[in-house]
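Here is the structure we will look at.
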Amino acid sequence: MNILVTGGTGYIGSHAVQRLLREGHRVLVVDNDFRGHREVIDLLSPTAPGRLSFREVDINNSAVVADAIRYEKIETVMHFAALAYVGESVDDPVRYYHNNVTGLLSLLHAMRDSKVTRLVFSSSCSTYGEVSGDQIPVDEDCPQNPVSPYGRTKLQGEQILLDFAEAQRRAGREFACTFLRYFNVCGCDRSGVLGEDHEPETHLIPVVLRTALGQREYIGIFGTDYDTPDGTCIRDYVHVEDLVDAHVLAMNAMKPGVGAGQVAAYNVGIGRGYSVRQIIESARRVTGREIPVREMPRRAGDPPQVYNNPKKIREALGWEARIPDLDEMIRTAWTWFEKHPNGYRSAVAQR
Ligand code: UDP
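Okay, here's the thing in structure tokens:
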């Protein structure tokens, strides 16, 4: 198939591109290169001669994206391009709505103009907002009440797509779309080519590993007085390769057609939670390094405990986490961090 991957030079998008190329697909990456890494294209191109193309363009540039879609005869879109920091979205909501909501609208224009009828949309468990104890594990029917502008951009994305799908259905036109609501994505490609290189970096596992590398003095634990067994927050960490599996399964299951069942939503998380302290302990085991910690106040907006109920995605798509073991997940990340202490800049320096 010919697949457009927006945001294909970013952390999750790049792993999807690698997987799609391995499966023999042709991939067009569009990325504005704002937070992505152009190096990804150079690393993946030789693995699939003639099957990977790249356009440096913002998805808000609908006409150029539509041209590229037509030129490459795109059949399916995986839409990763988005900003994804909760804290930043609170400080600069306009930028988030512009990138994530206007960007989606622009992409939909391009898809409609070029008659592409399948879309896998990166959504987030942050669309659920604060979930109460009796709603955990979280399933897809949990009410969606996001508490951050970021979460709201993702929920609005889902709503736009539902309306679009309904309009297509009523007009007798084909369209199929799947929302994947990610939990905490982590780890790196096990072949050691692709990694996680964010600037700024705020996510727990990369920050812990950068502390293990000595690039940070300590890891701050945001809150130790939560009502959880060890007092720290619990999250559902899902390996990026397992997340990509979910995308491929969703893509293959989508049957564009006129009628009901065109839109599906699945949570993607392994179905068990690990606490911040468990993550740090695991990283100590895996790295063999000390990793100093400092206990800090709670971070605003952090729910004490969130993890997924993977029943729906398991039953409907046959998805199962292949890397559910925490040490194994962290080991895949550590392998990359150790070899690339300066992120993708190290990858280029090594070539
Ligand atoms: N966390 C922490 N120290 C850090 C970064 C994160 O204690 O330096 C905690 C954070 O409060 C949350 C968990 O680790 O409970 C996961 O945070 P992350 O930012 O990775 O993902 P989130 O769940 O916020 O999307």
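Under this note's numbering, the residues of the sequence shown are numbered 19 to 369, in order. For glycine and all other residues, C-beta sits at the position ideal for the given N, C-alpha and C.
What do you reckon, are the CB atoms on residue 50 and residue 85 nearer than 8 Å?
no
At the level of alpha carbons, what is the spacing between residue 347 and residue 87?
35 Å
Indicate whether at least one CB of chain B lies closer than 8 Å to the CB of residue 242.
Reference to chain B is not applicable here, since this structure consists of a single protein chain.
In its own chain, which residues sit with a C-beta less than 7 Å from the C-beta of residue 301, not counting the 5 before and 5 after it?
226, 227, 230, 309, 348
Residue 160 - DSSP class collapsed to helix/strand/coil
coil
Helix, strand or coil for residue 49 per DSSP?
strand
Quick one: is residue 326 buried, meaning 16 or more other Cβ sit within 10 Å of its Cβ, or exposed?
buried
Which residue marks the beginning of the beta strand (DSSP E) containing residue 240, and which one marks its end?
237-240
Is residue 278 helix, strand or coil by DSSP?
Confidence at residue 278 is low in this model, with a pLDDT of 49, below 50, so the placement of that residue should be treated as unreliable; the coordinate-derived value is given next. Coil.
Would the stretch 167-179 and the stretch 136-148 be scored as touching if the rule is three or more Cβ pairs under 8 Å?
yes
Identified DSSP bridge partners for residue 74:
49
Assuming the contact rule is C-beta atoms closer than 8 Å, residue 90 and residue 20 should be a hit. Round their C-beta distance to whole Å, please.
6 Å
Start and end residues, alpha helix (DSSP H) containing residue 20:
That residue, residue 20, is in no alpha helix (DSSP H); its beta strand (DSSP E) goes 20-24.
From the DSSP secondary-structure annotation, give me the bridge partner or partners of residue 44.
20
Would you list the residues sitting across from residue 199 in a DSSP beta bridge?
141, 285
Note down the Cα distance separating residue 265 from residue 342, rounded to an integer number of angstroms.
17 Å
Unbroken beta strand (DSSP E) run spanning residue 226, endpoints:
From DSSP, residue 226 is part of no beta strand (DSSP E) but of the alpha helix (DSSP H) over 222-230.
Using a Cβ-Cβ cutoff of less than 8 Å, which residues in the same chain neighbour residue 351 once the five nearest sequence positions on both sides are dropped?
204, 205, 206, 213, 214, 223, 224, 227
Decide if residue 278 is buried, meaning its Cβ has at least 16 other Cβ atoms within 10 Å, or exposed.
Caution is warranted here: a pLDDT of 49 is assigned to residue 278, below 50, making its placement in the model unreliable, and no coordinate value can be reported.
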